[in-house]
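Chains as they are written, first to last, in the UniProt record's numbering: chain A, 1 to 202; chain B, 1 to 765.
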């Protein structure tokens, strides 16, 4: 189980859930083939008194994958495509690469992610109980509770907030750790540059 | 005297009757093909390994349900599960549940620090402190890092990789609460079920198979492109049982009906039918009881083979009634006494031939040998002890019997004429060329009679799931548990090189789940050092003071491991103590190409306590060895038979001997001409031929010019032909080959024997 994928999946999951709420939230979301922006993540981990804060930017390209670049407190990159998941430190030191042909579970999550991108409502509702409300004229809040045993082992709840875009994700893990990620400066341009395209092509 | 014998035999029969009731109540029948396989005299531990690997899977039914996409596959799996659940008295789901993984993770948690993959070992011993610190930070800051354990218990995130390496032993992965895999253009759900009933009871129908077939057709009907692939010992056992009971009824009842019809045609009287029927029934019952007493269990194929006994055991009854026909009831005793020497000689040669089958160390063959020898003896005793007392009325000569008896006078008889010499020469050439063309083949496949669809399913399942091969493995031996584990590790290092060359896919070893104590100590020290550096780097970067978690001070022991939840998957590979030493089995996955086997054999060389086992090659070798031994035995047998015949018939002995020799050679030549391979079971057919073919010659020599002897021989020949001819229909290649050899041999011997009869006026005595 690669939690990051689950996170991304949850990010996108707003496009697919129960009945009216699902319809309404989908109506408020921008249907974009590409989203990029900045993120800030505050992670509470057992054994650490203060939250661990990291910042960076990301690119989400429907049909291709996700790039997640942490800039502070140190630089590292994470690349998720249909075929693989890889992580690298900017210094070139520690790295890992998972191949979905060798690790089929990864392919399963990828497949699900991409199914979500194309608006497959049924897939998400199989894994989460979706509750929530609309906020004001443009906003919404959702709470996702996993119904799938595998996911429930990782997450207690996932909270999502947004308007035309997802603005905040809060992940409460079953083990007690939690993360709040907020997104800013969201945009649908520019398209991936050569370097990004190369990473997404892996 | 005769009455005393009759009473004695009646007591024996009574005892057999009691035993039969018990036997059929408990029905300890074997359908397992392994039970037929030879015991390896030199390596009992190899046998123990093979049997343990096979036993473990005894009741399991593994199913893969697939469709073109995942939702359809899930639907197909639901359909299959629904159908299988309907048979709840028969099948129960064997849990492949994800909570088992959780339990296993909890079990290993205290030992996390001493469990490293080879790649991790390499990386940890060469990584710089910066690299270690960087990795720890990266994993710490990774979005929502769900972990198998708390951060401080695994700061470098090693645990997940170790589990991934364990999971690589199968291609199935959890997905949506099911076990999923993808391959051959389909998405599949893995289902595991267990049979609740033993498939070894006869006459219970193929109920597991029927349920699986219902599930298959339901899947195919409900889901477009849906497929179900199933394998498991219960399916094989049921197929074998169904096949065997069909063959038993075909061969058994077929030859019984033929025998009784012949008796009716010849004697037109109910008494011979009843009495011959009694001798056959008793023959079979005694055979079964003796086999059950000697071997404890009786194999289904023994019964199939035993069904052909009917075709041989009736000979004695035929001889008696053929000789007795047309004589006054008061002559019964003298008739029997006159027949006794020939019948006893015939019995001895047949029994010796049957018992010779048991020379080969195949438990299945030994059973067949004992079964047939006991059956023949019982039929013989029934005829000798009971027939004169029970056969009281008159038995007139029928016109059928008369005409048939007379036919011997018109049968050609060899003589020193040019026509006979020329036929002899032509025959010699044909036989020589045929035998020269004969090719031996000692293939294990001749032991398998499983239906093709089962074998195809099994192969597909093996390909998709990457199941380990049960026929080729490494046997690792050591003086202690720990030495076995350490030797496994040494073997694995050599195997890893072949895995990276893609010679085969991978292996399954106990030491993957339980490293040796030395390895555990080494790994604990290595991870302690690296993780201390990682934690220090994280402390420095975050300004906090996290501490690394504590782990168990003691290593994970074999005893503890075996009692834990993780051992279930691998337990059958730990053989434990056999004799003086400890043993384990290392299994190989994805071994598809027989050409790579020599390379694996090489791996074991130079490694102490490691032995390469190739059951397929071993059994083929054994089949070949015994084919040659039995071949030699036939030659020796013919010499011995000739000596026996000479002792009784003097210079005319060759007349009873030559037909069998010619029949054997002609059979071999025909096999050669049609391209049928020479295998152990062909040779075994010829061994039996030696014992039975000579009978006809003996009777014709014992009673020269006697039409009734010819009548009996003819009846015996026809019924024997029928029973072995029907054995030629068996779905088990070995029995088929055996039956065909017998069929061809019997026909030629039967046709040739009268040609060698004594000229009129000559006598052997």
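We put the CB at the ideal spot given by N, CA and C, even for glycine.
Assigned secondary structure, residue 574 of chain B (DSSP; H/G/I helix, E/B strand, else coil)
strand
Taking 8 Å as the limit between beta carbons, can you name the residues of its chain near residue 24 of chain A, skipping five residues before and five after?
134 and 140
Whole-angstrom C-beta distance between residue 376 of chain B and residue 345 of chain B, which should lie under 8 Å:
Going by Cβ atoms, the distance from residue 345 of chain B to residue 376 of chain B rounds to 13 Å, so no, they are not a contact pair.
Looking at chain B, which residues of the stretch 52-63 of chain A have a Cβ within less than 7 Å of any of its Cβ atoms?
52 and 54
With distances taken Cα to Cα, identify the nearest neighbour of residue 188 of chain B among B:526, B:274, B:481 and B:230.
B:230
Hey, which unbroken runs of the beta strand (DSSP E) at 3 residues or more fall wholly within the stretch 11-90 of chain A?
34-44, 52-61, 65-72, 76-81 and 84-89
Looking at C-alpha atoms only, which residue of B:535, B:693 and B:588 is the closest neighbour of residue 157 of chain B?
B:535
Hey, is residue 513 of chain B's beta-carbon within less than 9 Å of any beta-carbon in chain A?
no
So, at 7 Å on beta carbons, what are the nonlocal neighbours of residue 242 of chain B in its own chain, with the 5 sequence-adjacent residues on each side left out?
206
For residue 684 of chain B and residue 357 of chain B, believed in contact at Cβ under 8 Å, the rounded distance:
6 Å
DSSP three-state label for residue 621 of chain B, please.
helix
Given this structure, state the Cα-to-Cα distance separating residue 634 of chain B from residue 309 of chain B, to the nearest angstrom.
21 Å
Residues that DSSP places opposite residue 179 of chain B in a beta bridge:
B:174 and B:190
Identify which residue in B:700, B:15, B:669 and B:313 has its Cα closest to the Cα of residue 745 of chain B.
B:669
Look at the Cβ atom of residue 663 of chain B, then the Cβ atom of residue 720 of chain B, and state whether they are nearer than 9 Å.
no
Closest Cα partner of residue 752 of chain B within the set B:354, B:351 and B:420
B:420
Beta-carbon within less than 7 Å of residue 103 of chain B's beta-carbon, same chain only, minus the 5 sequence neighbours each way: which residues are those?
565
If you scan the stretch 315-357 of chain B from start to end, which runs of the beta strand (DSSP E) of 3 or more residues do you find wholly inside it?
none
Top-ranked residue by Cα proximity to residue 517 of chain B, from B:701, B:486, B:676 and B:547:
B:486
Run down chain B in chain order and give the residues with a C-beta less than 9 Å from the C-beta of residue 76 of chain A.
134, 137, 138, 141 and 142
Using the Cβ count rule (16 or more neighbours within 10 Å means buried), how would you classify residue 674 of chain B?
exposed
Residue 414 of chain B - DSSP class collapsed to helix/strand/coil
coil
In DSSP terms, what residue 155 of chain B is bridged to
Partner(s): none; residue 155 of chain B has no beta bridge.
Tell me whether the beta-carbon of residue 196 of chain B lies closer than 9 Å to the beta-carbon of residue 91 of chain B.
yes
Under 8 Å Cβ-Cβ, which residues of chain A neighbour residue 152 of chain B?
46 and 47
I'd like to know whether the C-beta atoms of residue 638 of chain B and residue 657 of chain B end up nearer to each other than 9 Å.
yes
Members of the stretch 536-552 of chain B near chain A, C-beta cut-off 7 Å
541, 542, 544 and 546
Residues within the stretch 172-201 of chain B neighbouring chain A, beta-carbon criterion of under 9 Å:
172, 173, 174, 175, 176, 177, 180, 181 and 182
Can you tell which of B:708, B:738, B:363 and B:687 has its C-alpha closest to the C-alpha of residue 396 of chain B?
B:708
Give every residue of the same chain whose Cβ lies closer than 6 Å to the Cβ of residue 304 of chain B, excluding the five residues on either side of it in the sequence, and list them in chain order.
244, 247 and 248
If we ignore side chains and look at the alpha-carbon of each, how far apart do residue 131 of chain A and residue 179 of chain A end up?
20 Å
Under DSSP, the beta strand (DSSP E) around residue 582 of chain B begins and ends at which residues?
581-589
Using CA coordinates, which residue listed in A:182, A:146, A:47 and A:83 is at the minimum distance from residue 161 of chain A?
A:182
Tell me, please, which residues DSSP counts as bridged to residue 298 of chain B.
B:29
Closest by C-alpha distance to residue 163 of chain B, when choosing among B:514, B:399 and B:301:
B:514
Taking all protein chains shown into account, decide if residue 350 of chain B is buried (16 or more other Cβ within 10 angstroms of its Cβ) or exposed.
buried
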